[in-house]
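Note that full-length UniProt numbering has the sequence shown beginning at 1, numbered continuously upward.
Cβ atoms here follow ideal geometry from the backbone N, Cα and C, with glycine treated the same way.
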Amino acid sequence: MDCLLSENPGSTSEDDRGVDEADSSELAPRSASDAFEAGDAERAVDDDFAFNDLVYVTIPSDPPPGAKLADDRDGWTQCLLRHPALATILSTPGFPRRPHYPPDVCFCIGPSKHGLGMFATRDLSMGDHILTERPLTVTPTTIPMPKFARCLEGLTDEQRRQAILDRWEKAFLLPCFNRLDSAAQADFLDLANSHAEDGSGPILGVIRTNGFEVAGVVDPGPDGEYAAVCRIMCRINHSCSPSADRLFDIASFSFQLRATRDVKQGEEIFVSYCNVLETAADRQEYLASYGIKCTCNSCLPDTTASDQRRLDLRRSIDAIDNDYDTWLADPLLADDYTIKISLRWISVIQQEALEASDAYRHHLHAIVKAYVALGDAENAVKYGRLLGLWALGQSGKEDMLRKMENPGYHRGRPDWGIRVCAEDEGLGEI
Numbered sequence: 001m002d003c004l005l006s007e008n009p010g011s012t013s014e015d016d017r018g019v020d021e022a023d024s025s026e027l028a029p030r031s032a033s034d035a036f037e038a039g040d041a042e043r044a045v046d047d048d049f050a051f052n053d054l055v056y057v058t059i060p061s062d063p064p065p066g067a068k069l070a071d072d073r074d075g076w077t078q079c080l081l082r083h084p085a086l087a088t089i090l091s092t093p094g095f096p097r098r099p100h101y102p103p104d105v106c107f108c109i110g111p112s113k114h115g116l117g118m119f120a121t122r123d124l125s126m127g128d129h130i131l132t133e134r135p136l137t138v139t140p141t142t143i144p145m146p147k148f149a150r151c152l153e154g155l156t157d158e159q160r161r162q163a164i165l166d167r168w169e170k171a172f173l174l175p176c177f178n179r180l181d182s183a184a185q186a187d188f189l190d191l192a193n194s195h196a197e198d199g200s201g202p203i204l205g206v207i208r209t210n211g212f213e214v215a216g217v218v219d220p221g222p223d224g225e226y227a228a229v230c231r232i233m234c235r236i237n238h239s240c241s242p243s244a245d246r247l248f249d250i251a252s253f254s255f256q257l258r259a260t261r262d263v264k265q266g267e268e269i270f271v272s273y274c275n276v277l278e279t280a281a282d283r284q285e286y287l288a289s290y291g292i293k294c295t296c297n298s299c300l301p302d303t304t305a306s307d308q309r310r311l312d313l314r315r316s317i318d319a320i321d322n323d324y325d326t327w328l329a330d331p332l333l334a335d336d337y338t339i340k341i342s343l344r345w346i347s348v349i350q351q352e353a354l355e356a357s358d359a360y361r362h363h364l365h366a367i368v369k370a371y372v373a374l375g376d377a378e379n380a381v382k383y384g385r386l387l388g389l390w391a392l393g394q395s396g397k398e399d400m401l402r403k404m405e406n407p408g409y410h411r412g413r414p415d416w417g418i419r420v421c422a423e424d425e426g427l428g429e430i
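Okay, structure coming up:
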């Protein structure tokens with residue numbers, strides 16, 4: 001997730017007073033909840049404070065004096081948040097609960113053609129839990145600085161941009177970084193930085209290169225997103241045919257990494273930083289902000305065939321409901337009419353290694369729906385289990401998997417056997 005610069009002129013704060021890193025308050029809340037209720041979180045030093053209303057806070061709570069992040073399995077996160085995002089976190093049911101961990105260590109970090117990468121140390125199946133990790137830092141992707149920007153009149157666009165980058169680094173991000181212990185700081189700065197040459201400071205450069213979206217933690221408005229930097233998870237490289245996906249759980253304030261397809265022992269594990277159903281050119285344009293030039297199979301010099309397959313997959317999603325309705329209305333069509341259509345598309349998905357995509361979910365659902373309409377519980381469960389594993393890989397929750405594995409659930413659906421009933425009654429229309 002690339003961070004954005006903003007010079008929103010809408011601030012009504014006091015005159016610019018300049019920035020001094022030493023002006024940061026030394027107040028440190030014992031917990032996020034205490035900080036929010038007492039209002040004693042360390043505030044960001046900012047002449048536009050009334051506009052930003054930013055605070056530094058440790059989530060879920062400050063560690064004991066002298067504690068080292070590396071020695072605590074659960075860990076904690078140093079955050080720079082606005083009050084709406086902090087309120088969302090604190091009001092989340094179950095917060096702060098302990099993270100949920102995988103049953104074993106099934107990966108290692110090692111040399112990759114992309115530098116370092118994550119590799120499976122045993123065979124993995126779709127839905128398998130690979131890693132749970134609390135981030136080192138969570139910071140806004142945009143920090144508006146309208147007051148400061150007005151003080152830069154007369155400078156060139158590049159000079160203004162550099163001044164804003166410097167201020168962002170020193171006045172906002174450095175105090176958050178300084179709240180990490182020395183070992184965590186070293187781990188942070190050891191991550192890839194593809195923005196070292198564009199004027200970004202070392203902290204902002206790492207965030208812009210590695211930041212993951214913190215799903216569900218947002219502020220009102222278009223500039224309300226946050227980026228997280230993780231010590232281990234940010235080592236995972238990108239592919240347009242990913243084998244894993246990350247998800248964020250607010251209650252435990254942690255990321256989970258789960259397999260989205262089968263992975264062989266020794267195989268590198270990849271996630272995707274982009275929309276995998278876009279064309280290679282569009283993907284490359286988006287990935288350029290991370291300093292990534294993808295060289296996966298679908299991004300090789302001749303991308304024509306792969307681009308067409310991905311375009312057709314997007315279109316196939318829109319056709320699913322119409323195909324199903326046509327099939328129900330015409331008893332002369334074969335019983336497996338829509339099933340064969342979706343199975344063909346699943347073959348394309350497997351060819352492109354896109355099991356993590358929404359297209360896979362839609363076509364699995366279409367197959368389950370067809371078997372329910374045919375009154376075939378055995379096959380509804382068979383493909384329903386795949387759908388449930390897909391959902392597990394995306395959400396970390398087993399609710400759908402348990403439901404889809406239950407034949408009674410399928411038999412109890414209102415559309416159970418409707419295709420068979422229609423044929424028996426000789427109906428041409430449902």
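Of the other Cβ atoms in all chains shown, fewer than 16 fall within 10 Å of the Cβ of residue 93; this residue is therefore exposed.
Note on the stretch 67 to 143: whole alpha helix (DSSP H) runs with a minimum of 4 residues are 83 to 90, in chain order.
Here the alpha carbon of residue 75 sits roughly 35 Å from the alpha carbon of residue 405. Residue 326: member of the alpha helix (DSSP H) spanning 304 to 329, first to last residue. Approximately 7 Å separates the beta-carbon atoms of residue 262 and residue 124; this is inside 8 Å, confirming the contact.
Inside the stretch 177 to 222, DSSP marks whole alpha helix (DSSP H) runs of 4 or more residues at positions 182 to 189, 202 to 210, from first to last along the chain. Boundaries for residue 276: no beta strand (DSSP E) harbours it, and the DSSP string shows neither H nor E there. Across the set 334, 381, 182, the C-alpha of 182 shows the shortest separation from the C-alpha of residue 66.
Distance from the CA atom of residue 126 to the CA atom of residue 120, rounded to whole angstroms, is 13 Å. By the criterion of a C-beta distance shorter than 7 Å, residue 68 is surrounded in its chain by 181, 183, once the five residues flanking it on both sides are discounted. Separation of residue 373 and residue 247 (C-alpha to C-alpha, rounded to the nearest whole angstrom) is 33 Å.
The stretch 333 to 367 is shown to contain whole alpha helix (DSSP H) runs of 4 or more residues at 337 to 352, in chain order. Listed in chain order, the non-local C-beta contacts of residue 102 below 8 Å within the same chain comprise 128, 129, 130, 131, 132, local neighbours out to five positions each way being set aside. Contact holds between the stretch 162 to 174 and the stretch 203 to 212, because three or more Cβ pairs, one in each stretch, are under 8 Å apart. With a threshold of 16 other beta carbon atoms within 10 Å, residue 344 falls short and is exposed. Looking at the backbone, the Cα of residue 317 and that of residue 161 are separated by about 42 Å. Counting the other Cβ atoms within 10 Å of the Cβ of residue 78 gives 16 or more, which makes it buried. The secondary-structure analysis by DSSP pairs residue 244 across a beta bridge with 259.
For residue 270, the closest of 288, 251, 240, 289 by C-alpha to C-alpha distance is 240.
A Cβ-Cβ separation of about 7 Å places residue 306 in contact with residue 280 under the 8 Å criterion. Listed in chain order, the non-local C-beta contacts of residue 165 below 8 Å within the same chain comprise 5, 199, 200, 201, 204, local neighbours out to five positions each way being set aside. DSSP places residue 297 within a helical segment (H, G or I) once states are collapsed to three.
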